[in-house]
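So the structure is just underneath, and the comments pick up after that.
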Amino acid sequence: MVVVRRQLRYPKAWPAEPAQEKGIDVALAVDFVRLACESAYDVGVLFSRDTDLVPALETVRDLGAHVEVASWKGTSRLRFPDSQLPWCHYLDVDDYAACRDHTDYTAV
């Protein structure tokens, strides 16, 4: 496990409005593609509904890696334009509990 941290962006209304971490979607896309280039995985599963990540999915597919997506049950999912692909794993709270990582990465 590698923890990637990004600077928080504090809105003018802070602390009434919470700070937000920015750049995580770009970091995720870069890692998803880089690891596919390194043949670091057999199947890349991207758990996100952010349509900005579709180009990363397409790139990994075009590199020859198998891609799938995951989303919460009852929500929309990422897909290639004009397609029902890639396969989507719909998860619920029980699925999350079964694989939850209780490691405190702030202490690492």
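Quick note on the working numbering: the sequence shown kicks off at 1 and runs consecutively.
Glycine included, C-beta positions come from ideal geometry on N, C-alpha and C.
Per DSSP, Phe80 is not a residue of any alpha helix (DSSP H), being assigned neither H nor E. Per DSSP, the unbroken alpha helix (DSSP H) holding Tyr96 starts and ends at Val93 to Cys99.
Taking the Cα positions, Cys99 is about 22 Å away from Arg5. For Val54 and Leu78, the gap between their C-alpha atoms comes out near 7 Å.
Taken through DSSP and simplified to helix, strand or coil, Leu46 comes out as strand. Val45 is the residue among Val45, Pro81, Gln20 and Thr51 whose C-alpha sits nearest the C-alpha of Phe32. Pro15 and Cys88 have their C-alpha atoms roughly 37 Å apart. Distance from the CA atom of Val30 to the CA atom of Ala65, rounded to whole angstroms, is 15 Å. Cα atoms of Phe47 and Ala13: separation of roughly 30 Å, rounded to the nearest angstrom.
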